[in-house]
Structures are given as structure tokens and as C-alpha cells.
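For reference, the structure discussed in these notes is given below.
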Amino acid sequence: MKKAIGFLLALIALGAGAWAQQGAEALVADGAAYLGSFFKDKFDVRVAVVRFENGSELGDLAMQKIYQMLVSRLEGEKNIQLKDLLVDFSDGRGVFNLSQSDGLDFLIELKLIQNKSKTGLGLTVFSRLQDRVVAVKYFEKAVSKGEMDLLQARNFAFSALGFSKQLEFESKKHLMDIQSIAGADGRMQYYFFYPDEIIIYVANETRLEKHFQFKLKWSRPFFPTRHPEGKLLLFRSAQDLVLTAGSNFSPYSQVLAFRAGQWQEAGQVDFVPFRLVTMNQNPYLVGGRYEEGRNFFKDRVYFLPFAMPVASGGAYQKKTCPAMAMDFSEAAGQLQAVHVIDRDYAYRLFSPGFEEMKPLAERRGASLAALDGEWLAMSDYSRTSDQLYFLDIRDGGLRPAYAGKVDGEVQFIAAGNWQGTRGFWAGVLQAAPGAGMERLLVQFWGKRDE
Amino acid sequence: MNKAKWLLLPLLLLATLLAGAIKPYYGGEIAMRLNEPASFNLSTANYSNLIFYSLIYENFFYLKKDGEITSHVFQDYRYDAAARTLFLTLKENLSFSNGKPLTARNIQVSLKVFLASELFTASRLSKVVKAVRFSNEQVLVELLADTPDIIAMLTAPELVVLAEDEQSFSGLFYPHEWEKNHHLTLRANPYYAGGRAYLDTVRILFTEGPAPDLFLGAPGQFKENFLEFDSGIYQNIYLCFLQGDIGQNTKIALYSLLKRFNEAAGFRFRELNALTADEESPVAIRIKGLSPQKTASILKFSEIKLYVLSSLSNLEKELTAFLKDSNLRIETQFIDDSQFMAFLDSTGIKYVLIDKIFQKKTPAEEKISRILKESSFNRFNAQYLRMLSELEEARTSNSQELLMEQIARISEAIVNDGFIFPLFQKNYSLYARKSWPALEIDYYGRPLLQQVSKTHD
Chain A
261 MKKAIGFLLA
271 LIALGAGAWA
281 QQGAEALVAD
291 GAAYLGSFFK
301 DKFDVRVAVV
311 RFENGSELGD
321 LAMQKIYQML
331 VSRLEGEKNI
341 QLKDLLVDFS
351 DGRGVFNLSQ
361 SDGLDFLIEL
371 KLIQNKSKTG
381 LGLTVFSRLQ
391 DRVVAVKYFE
401 KAVSKGEMDL
411 LQARNFAFSA
421 LGFSKQLEFE
431 SKKHLMDIQS
441 IAGADGRMQY
451 YFFYPDEIII
461 YVANETRLEK
471 HFQFKLKWSR
481 PFFPTRHPEG
491 KLLLFRSAQD
501 LVLTAGSNFS
511 PYSQVLAFRA
521 GQWQEAGQVD
531 FVPFRLVTMN
541 QNPYLVGGRY
551 EEGRNFFKDR
561 VYFLPFAMPV
571 ASGGAYQKKT
581 CPAMAMDFSE
591 AAGQLQAVHV
601 IDRDYAYRLF
611 SPGFEEMKPL
621 AERRGASLAA
631 LDGEWLAMSD
641 YSRTSDQLYF
651 LDIRDGGLRP
661 AYAGKVDGEV
671 QFIAAGNWQG
681 TRGFWAGVLQ
691 AAPGAGMERL
701 LVQFWGKRDE
Chain B
-10 MNKAKWLLLP
0 LLLLATLLAG
10 AIKPYYGGEI
20 AMRLNEPASF
30 NLSTANYSNL
40 IFYSLIYENF
50 FYLKKDGEIT
60 SHVFQDYRYD
70 AAARTLFLTL
80 KENLSFSNGK
90 PLTARNIQVS
100 LKVFLASELF
110 TASRLSKVVK
120 AVRFSNEQVL
130 VELLADTPDI
140 IAMLTAPELV
150 VLAEDEQSFS
160 GLFYPHEWEK
170 NHHLTLRANP
180 YYAGGRAYLD
190 TVRILFTEGP
200 APDLFLGAPG
210 QFKENFLEFD
220 SGIYQNIYLC
230 FLQGDIGQNT
240 KIALYSLLKR
250 FNEAAGFRFR
260 ELNALTADEE
270 SPVAIRIKGL
280 SPQKTASILK
290 FSEIKLYVLS
300 SLSNLEKELT
310 AFLKDSNLRI
320 ETQFIDDSQF
330 MAFLDSTGIK
340 YVLIDKIFQK
350 KTPAEEKISR
360 ILKESSFNRF
370 NAQYLRMLSE
380 LEEARTSNSQ
390 ELLMEQIARI
400 SEAIVNDGFI
410 FPLFQKNYSL
420 YARKSWPALE
430 IDYYGRPLLQ
440 QVSKTHD
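Residue numbers (my numbering), protein chains in the order written: chain A, 261 to 710; chain B, -10 to 446.
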């Protein structure tokens, strides 16, 4: 008997999240099923939700989730081309980008109402061709108080407001990092760091075009590794564009400077620089040092006063913990925090004074990157279902804002931007057709409203 | 107890997730039980050694069970049929375990050492190799004739990357600490060409005790906590007579005595009535044994010094005790393979107990040829050379009948000449604890530890 109770408790604990949304999900499922059957004899129709109003007890966040659930279900319909025009939700209304509505065949309007103890979803379908409403339908379900609370909890936002995948393409394997900087012509240049070379791309509309590439020469001691990892840092110093490239297969990071139209060796440092930060009005290269040939960092953070030519040693050190992944958040060039995933895959946070802080939520992960002291992206640590979590770190906490499923295994995450949108690059290793074959996908996850 | 189980449930779930963690865990130790090696000088005479030396010496090429050939030291290899040349391009910046550079010259020297060895696979290869040269990072193996299967020939487990310095190793691990008769600790080679191992250490135990993580044993045991791998190999033990002046009665008496050793040791070995394996040999070798009384009466006035290859050192205690109990003047001396080859010309060595490891899948003609070449020692003569050429002809004739007939003729001839008597056969399974799921074994039955990582606690 005790066993049975224990089992039920475990099931409840594991499945609570799923069960709690049963009413809202059923409402959405009914709506989506109706729309699916309405459009089933039509082919390739262009459809979008253009109005969503809320007269129910649910808040804006709950609306967002209901909208997201409906959209994800409609995206699965083969004969519908669904356009997602939602820009925002505020004051019980959805804000849509109606400038694109001309290209649509059908417009959908949604309304949530409260009918006694039940929540209702009203749905109208307007045909632009016939210039009239062609379908009206209403569903209602009981949405419990607990479910409402859960829907309104700001755990995950949704794509239009949160981070969404904006770009994806295949790269050659062993890509370790991506960094970008504006070129002399003002165009963004994207530096792809591979173990033996750096390839520079420039953006051309929605594509990346190869601009330049150069080989990296490493010397002994050289530690062959099963999992090459590395970090690239780009910054301007006086007239020079400076690049540092460090990895887990060499104890030294290369420092190169772009002068007189070419990349020139400018020294080496004995750790892997992540950032250039300012402390006491002086610039410092800050970074970590890999355990040779392995996939984790030693338990130290290194600070090296930066000046050209670069000093090869003399960095001072601060103790953290051995780290599977590490990044530094900064604001206006000042170090704000050190984010670490330790060797037990647990997230740990250190203050600029290197005191360990207790973040508001406990998390586990495998890779991470910080974006300007505002956002932290972290990958999951389970091979069975990898995903990216985007966490709001603006107030020094760790508030989950969005999660995106990833088909494959996240190899690295790097903060960056794409076409003016700030976000994160992710290298994702994915199984490819053919036994034992793999491919590396590069994804950009950005936040459109920032 | 029930409460404890329920408390364990979330931990188990967590452990399951962590087992599939995307960033693999580096660290930990695996313990295996093997026979104690005589030294760190490569000697792959028995299965245990084959495994041990594969941990500290890197092969040119690996042959997987499914036939796939891979290399960790070469970034590229290409056979140019028109130029009859194999181009091996070394990876850049490789080093031995002590950090000294591993260069194309080391590859050239290693290949030459292998070609000069007495091994059957080496002699096959040396027949087709004209020259081995190197330039920069590339080694050129020039061949006498077009040999498309040259890469397959280079997968021999004895073909390894050797350093000039004895303290340098090319393998996944390097020796760190050796407590004689007890254990040896290997550490991960930080410069390993295929990328550092996940494991930090391998502890090799030489003593009996609780089952370690990896060990060899007879097939069909330890089903509960271990994965059993068919090693695909067997070990034959032969009694060899290196001098022509030994009487037939003495040979048969010693043979009978050793056969009884197996009985006394609880039948640890299978009886062997063929030179390769009973199931594949076209002839059964039946040597009629003598009764214990007759054996004793023949051997009682003899002073026999029985040399035993150190690869059989696991028999030392039992064999010595058995011979002592027989009240005969038979002294055993365990001898390293390299020492043995150095003393071969000495007339003092008359009786030798040797073993040979065979891959089950290897064709019978190749095995018989290997026995003739590697185990006839100073008794090799023109007749055997002719027989080997006839075997080669039969092989190319495409007639299975002819081939088996030639195998039978060779078997009969070498047993009748009385220099080698087959004694026993041992089959092996490799047992690995189930907590090391990524373990694979290669074509030669060696565990591949490159991908083995600790399940994170």
C-alpha cells in the first residue's frame, strides 16, 4: 500500500505541470481541431490570427501561452500556411502586425470569455476572398484556479516576445565559437572559430557569405582532444582589431592583430580570454584555462592587464570552481558576474569579488553564455532531450523566461547578434542520415523586441 | 527499506539523466585483471599481453569487429595503385606520453621494426614492401606489386608506434606505478593521438580477489553484473622439442605428464588434438599417452629443464607444484619471449612450453602457416619452406579441397617430425562490468577504452 501511495505521489510530482494545464489545452485542442477540419478541403491557404481579445479572468501571460499552444498546433496542419503576426500582448489584447494581412486568405479572430465557472474561446474565421465571416464557433472548458495560476506564472514566454530561432544552417564539424564585430565598411563580420582556421563571413540579407579565412598554426605542447572547445574574442584597441583564440588543445591562446590589411601575430597568453573588461580604468583580458585535452576549465579565473604588445604571463588569478562552461556578464565594460556550470552540471554564480552567490533558482546545464549582463542562455544537460533555456539575469537573479527545444546536442553557446537582433549563437550536433553520421547546425536565437 | 527505495527513485532518475549528459565526464578509474607483463617492451604473445600492450602502445590502424578500419595517428592515408605506394600523412603536433615529438621518422622506424620481426603477419607484409621512406609529415610505403589490401595488412595488433626512448609511450595510457606481483597503474596519456581518454587511470591487478571491472574468463560465467564479449580468439598451448636428439619415449612421456597436469588443475583447458582448432582441422592428431607408471619409469632418470614462455606465467604456481608432486627431476624456467629468441641457438634449450593466440576468423591456412613459421624455431628446414610454397599455391588455386589437403599434410609432417605436440586450448570471454556501457572490443578481442567514461554519480 505504501508503495502504491509513493508511486502515485511520484507520478503526481512528475506530471503536475502537464495535468494542471488540462483545461486550457483541451480548449486549444478543440479550437485547433475545428480549424483543422474547416480547412481540410482547402489547399495551401494562408491563415493568421489577427485579433485576440480577452474577457476572461486570465491575464496577458496566460493569453500568450494559449496563443502559442494554438499556433503550434495549427503549424502542424499540412494544408495551412500559418503566419504568426503577433507582436505583443497588453491590456488584454493582442497586438498584431497587420501590414502583412494583405497576403492572407483567411483571418482568424479569437476571444476568451468567462462563462460562470468555465472559460470560453470564441473563434471566427473571415474569408478575404468572400469578404465575409465564414465560420463561427465557441468552446468552453473549466480552467481551475491552479491552472490559471500556472498559466499566468512567468516561467516561459513565447517566441514572438522571447527568444526564437531566427537562423539555421549547416557548418563543417568542430566549430567551437562564433563572434562578430563591425568591419571597416560598417557591415557586421562573423568570425567562425574552427580548431585549424578562422573563417570570416559577412551578412548578405538573410545569408552569410564567406569573406576571408586564415589558418591557425598551433605548436607543441599540443593536446589532441576528442571534443575540441575554444573561445574567440574580438575587440578594437587603438588602430588595431585584436583577436584572441584559445582552446582546450593548446595551453596558449593566440593573439592576432589586423594591421595593414592583414592578420599578424601579436603574441600569446597562457589562458583563454573571454572578455575585455575595465577595472580601475584599466582594460583586462579575463578568462579561464582548460584542463589540457579535456572539456572543462580549471578552478581559476585569470586577469591580465591588456596593452599591446601583449604580455604572455603575469595574469593574476581568482579561485572559482572547475567548470564545464563559464562566461562573464558585463555592463559598460565592467565585470558584473561570473556564471559557471560546475563538474556536477550545476549552475553556480560568482560576484565580481568572486564570492559565490546563491541564485534564486537552482539549475543544471551543460553550456552557457551571457548576453550583456541581461540574459543568460543555458543548454540542458540531458542527451535525451536537449533544449535551450533563456534566463533573465538583469536583477542578479535567474528568472526563466523561455525554453526552446533543440533537435540535437548543443555543443556551444555564444552571445552575438544577427541583423540587429541581439541573441545567442548555438552550435548543435545532430544525427544525420546514414549510420553514425552527424552534422553540425548553427542556430541563432534572438529576441526580436530588443 | 521501502522508504529507502522511494527516496532512491528521484536519485535514479537523476542518475539516468546524468548518464546521458551532453558534456561527457572526464575522470575515474577502471580496474582490470590481467597477467603480469614481464616488461614494458612490446610482447603480444598471449591474449592478456595483447590487451595490456594495446593500452600503452598505439596501433597504426584499428580493425573493428564490423571490418571498419580507423587510425588515430594518421590524418590521411591513401593508396596509389599506379605508383604502388601507400601515403600515410601523420597528424600535426603529435607527441609521445612524455611530450617528445612523435614524427614521421618514428612511424618509419616502427614499421621497419615490425617488418623485421618473426611474426607471420610481418613476413607477409615484408614480402610486398620495397621501401619505407618519409618526408616531413608523410610516410611513403613503396610496394613491389599492386597490393590493394595493404591497409588491412597494417591492422596487425603488433604494428604499433614505438618511441626511441623506452620511457615514452604512444598509447592511450602510460605506466605510472608498478608494484610487482600486485598491480600496475596506468595514467591517461595527455598527448594521445586520438584524444585523451575520459578515464584518468587504469589499475591492472595481477592478483585474485573480488571481480574487477574488466577481466578475462571462461565463456558463460558472471552473467549477472557483467557484459560478456566473445573475444573471438583462442589460446593454444604446445609442447616443443627444439633438439633432434630427444628420444620419442621421452617426448611422449613428457607429453603424457603435461596432459595429466590439466586433469590435476581441474580441466582448465580444452583438450587440443589439432595444431589449430579441433573443429577446423582436417586431421586429428592423436598421440597415445602413457600410463603414469610408464611415464614415471621413463622420466625418472632424466633431468629435464622445461622452459615456459612468460606469457604462461599464470600457470607457474600450479605447474611447479604439480611437477614437484610427481617426484621427477623436472625443473621449470619461465622465460621472456625476447630472452627466449636470444637463446634459441643454445643447445641447452630442449623442452619448451609455448602458447599462441589465434583469431577464430583467421583462415586455417594462415594459422597453420603461422605455426610453421613462428613455432618451428631452429627446426625450420627446406622441406617446410617447400610446404609453405605449396600451401600458397593451393591458396591461390581456388580449390578448397587442395587447400585442406595441404593443411593436413603440413600438420601430419610437423607432428611426425616430433618437434611440436599440441596440448590444450583455452577460449576466452572478456567480461566488463555493466556500469561501463560504452566499452567495445575490436576484431582482435581487445577492449577499446577510448570511449569509456565514468557514469557520473
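Even for Gly, the Cβ is constructed at its ideal location relative to N, Cα and C.
By the criterion of Cβ-Cβ separation under 7 Å, what are the contact partners of residue i in chain A?
i, result
"Asn82 of chain B", "Trp478, Ser479, Arg480 and Phe482"
"Pro179 of chain B", "Phe483, Glu552 and Gly553"
Between residue i and chain B, is the shortest Cβ-Cβ distance under 8 Å, so that the two count as touching?
i, result
"Tyr711 of chain A", "Since the displayed chain A opens at 261 and closes at 710, residue 711 of chain A lies outside it and no answer follows."
"Met436 of chain A", "no"
"Ser419 of chain A", "Note that Ser419 of chain A has pLDDT 40, beneath the 50 cutoff, so the model's placement of it is unreliable and the number below is only indicative. So no, Ser419 of chain A is outside the interface."
"Leu700 of chain A", "no"
"Glu669 of chain A", "yes"
"Tyr641 of chain A", "yes"
"Lys646 of chain A", "A small correction: the amino acid at residue 646 of chain A is Asp; Lys does not occupy that position in the sequence shown. Answer yes: the Cβ-Cβ gap between Asp646 of chain A and chain B drops below 8 Å somewhere."
"Ala626 of chain A", "yes"
Can you give me the Cβ contacts of residue i inside the same chain, cut-off strictly under 7 Å, excluding the 5 residues immediately before and after it?
i, result
"Phe298 of chain A", "Val385 and Ala395"
"Asp431 of chain B", "Tyr51, Leu52, Lys53, Lys54 and Leu437"
"His172 of chain B", "Arg192, Ile193, Leu194 and Phe195"
"Gly446 of chain A", "none"
"Trp678 of chain A", "Gln426, Leu427, Phe704 and Gly706"
"Pro481 of chain A", "Pro511"
"Tyr373 of chain B", "Leu361 and Ser365"
What residues from chain A crowd round residue i, counting only those whose CB sits closer than 8 Å?
i, result
"Gly88 of chain B", "Arg480 and Pro481"
"Gly184 of chain B", "Pro484, Thr485, Arg486, His487 and Gly553"
Does residue i get closer than 8 Å to chain A when you measure Cβ to Cβ?
i, result
"Pro426 of chain B", "no"
"Tyr15 of chain B", "yes"
Any beta carbon from chain E within less than 8 Å of residue i's own beta carbon?
i, result
"Ile11 of chain B", "Within the model displayed, chain E is absent; protein chains A and B are what it includes."
Identify the contact partners of residue i in chain B, using a Cβ-Cβ distance below 8 Å as the criterion.
i, result
"Phe557 of chain A", "Within chain B, no residue comes near Phe557 of chain A; the closest Cβ sits about 12 Å away, beyond 8 Å."
"Met584 of chain A", "Lys12"
CB-CB under 8 Å to residue i, same chain, minus the five flanking residues each way: which ones, in chain order?
i, result
"Glu698 of chain A", "Lys433, Leu689, Gln690, Ala691 and Ala692"
"Phe258 of chain B", "Ile226, Asn251, Leu412, Phe413, Gln414 and Lys415"
"Ile324 of chain B", "Tyr296, Val297, Leu298, Ser299 and Phe332"
"Ser327 of chain B", "Asn30 and Ser32"
"Arg94 of chain B", "Phe123"
Among the residues of its own chain, which have a CB less than 6 Å from the CB of residue i, if the five just before and after it don't count?
i, result
"Ala517 of chain A", "Asp500, Val502, Gln524 and Ala526"
"Ala420 of chain A", "In this prediction, Ala420 of chain A has a pLDDT of 41, which is less than 50 and means its spatial position is unreliable; what the coordinates show is noted afterwards. Contacts found: Leu346."
"Met142 of chain B", "Leu114"
"Ala417 of chain A", "With a pLDDT of 40 at Ala417 of chain A, under the threshold of 50, the modelled position of that residue is not reliable, and no figure is offered here."
Can you list the beta strand (DSSP E) stretches of 3 or more residues lying completely in the region 465 to 508 of chain A, in chain order? 467 to 475, 490 to 497 and 500 to 507
Ignoring anything shorter than 4 residues or poking outside the region 358 to 439 of chain A, list the alpha helix (DSSP H) runs there in chain order. 405 to 412
Please list the segments of the beta strand (DSSP E) lying wholly inside the region 620 to 693 of chain A, counting only runs of 3 or more residues, in order along the chain. 628 to 631, 635 to 639, 647 to 652, 659 to 665, 669 to 678 and 681 to 691
Every unbroken alpha helix (DSSP H) inside the region 296 to 348 of chain B [4 residues or more]: 305 to 314 and 326 to 331
Run through the region 144 to 219 of chain B for me and flag every whole alpha helix (DSSP H) of 4 or more residues, listed as ranges in chain order. none
Which full runs of the beta strand (DSSP E) of 3+ residues lie inside the region 9 to 87 of chain B, going along the chain? 18 to 22, 63 to 69 and 74 to 79
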